[in-house]
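A.B. asks: Heads up: the sequence shown runs through residues 6 to 165, numbered per the numbering used here. Here it is, the structure, as structure tokens.
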Amino acid sequence: MQADAKEHVKKCDRCQKHGDMHLAPPNELRSMSSPWPFAWWGMDILGPFPMASGQNKYLIVVVDYFTKWIEAEPLAKISAFNILRFFKRNILARFGIPLAVVTDNGTQFTDRKFQEFLAKVGTIQHLTFVQHPQTNGQAEAANRVILWGLKRRLGEAKKK
Numbered sequence: 006m007q008a009d010a011k012e013h014v015k016k017c018d019r020c021q022k023h024g025d026m027h028l029a030p031p032n033e034l035r036s037m038s039s040p041w042p043f044a045w046w047g048m049d050i051l052g053p054f055p056m057a058s059g060q061n062k063y064l065i066v067v068v069d070y071f072t073k074w075i076e077a078e079p080l081a082k083i084s085a086f087n088i089l090r091f092f093k094r095n096i097l098a099r100f101g102i103p104l105a106v107v108t109d110n111g112t113q114f115t116d117r118k119f120q121e122f123l124a125k126v127g128t129i130q131h132l133t134f135v136q137h138p139q140t141n142g143q144a145e146a147a148n149r150v151i152l153w154g155l156k157r158r159l160g161e162a163k164k165k
């Protein structure tokens, strides 16, 4: 029965397009753990996507390292202003001031205003290399879940 299932998956077009990729990590993994819920957040940007309503082409994705809770919002532009507004409205106002935020070196995250705000509220920013997204593994895992869901929903919408 297991052999039949493997054969089916190999031949199934949808399984190949939307299945998980299982790759061995290139480096030894080290866990970044949060001491309590909503203390550490991973932030990332997805996109650009084809233009959607409201001129939205991007998604900001934030995930809590302890609970794996995901917050996401569509954005038209990925500016430091929009990132800061999202952070204040969706993270600070709802979950309080985090101890740390993990981001890549994107210009919106390295912008002086964003970094000064984090320093002012006492949140430490951990920067990862763009070439090594695995460092922000929680956000990357959330991105995979969101992209998988979007592909699946869009695939279903095309059939209708």
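The beta carbon of each residue, even a glycine, is placed where N, CA and C say it ideally should be.
Cutting at 6 Å between CB atoms, please list the residues of its own chain near A85, excluding the five before and the five after it.
C.D. replies: Around A85: Q113, D116, K118 and F119.
A.B. asks: Just mark N110 as buried or exposed, buried being the case when its beta carbon has 16 or more other beta carbons within 10 Å.
C.D. replies: The residue in question, N110, is exposed, as its Cβ has fewer than 16 Cβ neighbours within 10 Å.
A.B. asks: How big is the Cα-Cα spacing for I50 and Q143?
C.D. replies: One C-alpha to the other measures close to 13 Å.
A.B. asks: What do you get for G101, buried or exposed, if any count of 16 or more other CB atoms within 10 angstroms of its CB means buried?
C.D. replies: Per the 10 Å Cβ criterion, exposed.
A.B. asks: Should the region 119-135 be called in touch with the region 147-160, which here means at least 3 C-beta pairs below 8 Å?
C.D. replies: No contact exists between the region 119-135 and the region 147-160.
A.B. asks: Tell me the residue span of the beta strand (DSSP E) that contains A105.
C.D. replies: Unbroken beta strand (DSSP E) run through A105: A105 to T108.
A.B. asks: Enumerate, from N- to C-terminal direction, the unbroken beta strand (DSSP E) stretches of 3 or more residues contained entirely within the region 47-83.
C.D. replies: Listed in chain order, the complete beta strand (DSSP E) runs (minimum 3 residues) inside the region 47-83 are 63-69 and 75-80.
A.B. asks: In this structure, what does DSSP give as the bridge partners for I129?
C.D. replies: The partner list for I129 (beta bridge, DSSP) reads A105.
A.B. asks: Would A147 and V68 be called neighbours here (beta carbons separated by less than 9 Å)?
C.D. replies: Going by C-beta atoms, A147 is nearer than 9 Å to V68.
A.B. asks: Do you know how far the Cα of R90 is from the Cα of K156?
C.D. replies: So the alpha carbons of these two residues sit roughly 28 Å apart.
A.B. asks: Measuring alpha carbon to alpha carbon, tell me which residue in I83, V66, A81 and K82 is nearest I75.
C.D. replies: The shortest Cα separation from I75 among I83, V66, A81 and K82 belongs to V66.
A.B. asks: Starting from D9, follow the alpha helix (DSSP H) in both directions and report where the run begins and ends.
C.D. replies: Run containing D9: Q7 to K16, per the alpha helix (DSSP H) assignment.
A.B. asks: For W45, list the residues DSSP reports as bridge partners.
C.D. replies: The partner list for W45 (beta bridge, DSSP) reads A105.
A.B. asks: Please look up how many angstroms separate the CB atoms of K93 and A81, rounded, as I've assumed it's under 8 Å.
C.D. replies: So it is not a contact: roughly 18 Å between Cβ atoms.
A.B. asks: Taking the beta carbon of W41 as the centre, do at least 16 other beta carbons fall within 10 Å, making it buried, or is it exposed?
C.D. replies: Counting Cβ neighbours within 10 Å, W41 comes out exposed, since fewer than 16 surround it.
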